[in-house]
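Residue numbers (the working numbering): 11 to 490.
Each residue gets a CB set at the ideal place from its N, CA and C atoms; glycine is no exception.
All values reported here derive from a predicted model rather than from experimental measurement.
Worksheet: one structure, shown below.
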Ligand code: NAD
């Protein structure tokens, strides 16, 4: 089946007439044929978004909220079908696929409520008979570029706040997951006015880059790798840019931790979604007193996890052949660096890879510093809490962190000193909720946060309003 771009409320072929296929990573079956678009398609989408903006910005925000609630309800109705599609298109196991859709349901519902808030401030003027306040303004047409690992949730995290704030959208999904994006757009068809949401499929160079550079877009929200994020910030020109990039997320395990609980958290953090989450735990920093006991427990548990096709397994495949090769390269690098391979380390077949653990990892090793984005865990030893925090912070990234401890003092020191956007106590590095802000420090981003109330900041700007009802010319700062 062939699927079009969605521009100005119509499903259309790309200007160049080229197409590509989306493949199931578990068995290489085709999930459809999609438009391999180019800059001309981006131009069309921007034109449609610009035209639609003039009406959309005037729709009262609570009315826009009503539409978001309708979208949330449609997602709920289609949760099973979409969750299964997530599994088929990017490989995560079914309950995680359903979770991906649930996040979208939640974020549309949450942002619908923001339609009755979108608060500004009122504050006294320094002059008599003068009123001062701020109001929240939409930005205009915005560009959204998303990765494949949460093919429904991440687009929803951007689309819902962008819409509620009154923006129109040009959305480019990842090349590996166009079908999920098309199905998401189909659900909004008939709810949103024409041109409010526009979808252009294709690759990063031919579709992503023209979106980044497009002078007709007022803002860009990008989630993906650091390398592409750096391209985005260098080429976006004067636009508001939100970047959500990678992670090298550590879990600290103290000697007073509940070790079984910590092993549960590490397995979920490191191997959930086959390690392909930006918040995946790829480093475990273990207090020297419990290091060996932890490694023993971990290695006993790993063989009990089933690797297979998404509907009946704990762990699915990697997203594509390139991802398998990247993981395999890092395993070779780890061996070369003289880390000790205690578990896994080999391809299984197709896009499946063994769950892999290295011990004796030093903080400077590449496997401790670089994002692998696969089922590879590095275990590092720490002398105590300060040492563990120093190792955790010795990273370019600052997305998610966790500490397992029964000591409230350790927990609060970690909360204060871990340099990251998220810190979990006695819980893994993954599991964000949509009503709390999400994002990272250092090279994980540029300071924006998605979701929660701060998600509104990314997609709106503030106008300051002064209303003088004195009937005379008043000058601020005491000027006579
Ligand atoms: P990627 O950077 O390769 O691709 C992301 C998107 O950018 C895709 O749609 C891609 O087609 C597009 N793109 C590629 N080149 C482009 C260019 N030159 N100009 C514009 N767009 C371009 O990332 P990926 O492999 O899809 O996703 C994995 C990465 O995403 C990991 O690094 C992961 O940590 C990160 N990620 C971050 C978060 C977060 O919220 N911090 C969430 C999920 C994933």
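Following the continuous beta strand (DSSP E) through residue i, name the residue where it begins and the one where it ends.
i, result
"residue 426", "Taken as a continuous stretch (DSSP letters only), residue 426 belongs to no beta strand (DSSP E), being part of the alpha helix (DSSP H) at 418 to 427."
"residue 352", "350 to 353"
"residue 291", "291 to 297"
"residue 432", "432 to 435"
"residue 21", "20 to 22"
"residue 478", "470 to 478"
"residue 499", "A query on residue 499 cannot be resolved here, the shown segment of the chain reaching from 11 to 490 and no further."
"residue 209", "207 to 209"
"residue 180", "178 to 182"
"residue 25", "Here residue 25 belongs to no beta strand (DSSP E), and DSSP marks it neither H nor E."
"residue 45", "40 to 45"
Please report how far the alpha carbon of residue i lies from the alpha carbon of residue j, in whole angstroms.
i, j, result
"residue 288", "residue 60", "32 Å"
"residue 209", "residue 92", "18 Å"
"residue 361", "residue 160", "18 Å"
"residue 97", "residue 114", "15 Å"
"residue 433", "residue 484", "50 Å"
"residue 388", "residue 327", "20 Å"
"residue 166", "residue 117", "7 Å"
"residue 293", "residue 274", "15 Å"
"residue 89", "residue 16", "22 Å"
"residue 126", "residue 170", "14 Å"
"residue 101", "residue 226", "36 Å"
"residue 323", "residue 142", "59 Å"
"residue 426", "residue 291", "20 Å"
"residue 443", "residue 270", "24 Å"
"residue 342", "residue 313", "21 Å"
"residue 30", "residue 390", "43 Å"
"residue 338", "residue 304", "25 Å"
"residue 43", "residue 217", "17 Å"
"residue 465", "residue 251", "13 Å"
"residue 331", "residue 238", "20 Å"
"residue 335", "residue 236", "19 Å"
How should residue i be labelled, buried or exposed, when 16 other C-beta atoms within 10 angstroms of its C-beta is the threshold for buried?
i, result
"residue 6", "Given a span of 11 to 490 for the chain in the structure shown, any question on residue 6 remains unanswerable."
"residue 70", "exposed"
"residue 11", "exposed"
"residue 481", "exposed"
"residue 37", "exposed"
"residue 488", "exposed"
"residue 410", "buried"
"residue 73", "exposed"
"residue 245", "exposed"
Which one of the options has the shortest CA to CA distance from residue i?
i, options, result
"residue 283", "368, 107 and 381", "107"
"residue 207", "349, 55, 374 and 303", "55"
"residue 280", "231, 260 and 223", "260"
"residue 373", "403, 31 and 127", "403"
"residue 310", "354, 199, 343 and 459", "354"
"residue 95", "139, 32 and 477", "32"
"residue 76", "153, 14, 201 and 397", "201"
"residue 196", "224, 185 and 162", "162"
"residue 319", "431, 104, 390 and 174", "104"
"residue 349", "363, 337, 358 and 376", "376"
"residue 461", "134, 84 and 164", "164"
What distance in whole Å lies between the Cβ atoms of residue j and residue i, which are believed to be in contact at a cut-off of 8 Å?
i, j, result
"residue 34", "residue 243", "In fact, because the Cβ distance is near 34 Å, the residues do not count as touching under 8 Å."
"residue 382", "residue 340", "5 Å"
"residue 407", "residue 257", "5 Å"
"residue 119", "residue 79", "7 Å"
"residue 277", "residue 300", "Actually they are not in contact, since the Cβ atoms of residue 277 and residue 300 sit about 16 Å apart, beyond 8 Å."
"residue 471", "residue 149", "6 Å"
"residue 428", "residue 399", "6 Å"
"residue 158", "residue 187", "4 Å"
What are the start and end residues of the alpha helix (DSSP H) that includes residue i?
i, result
"residue 231", "Run containing residue 231: none in the alpha helix (DSSP H); it sits in the beta strand (DSSP E), 229 to 233."
Distance cutoff 7 Å, beta carbons only. Does residue i sit that close to anything in chain D?
i, result
"residue 66", "Among the chains of the structure shown, chain D does not appear; only one protein chain is present."
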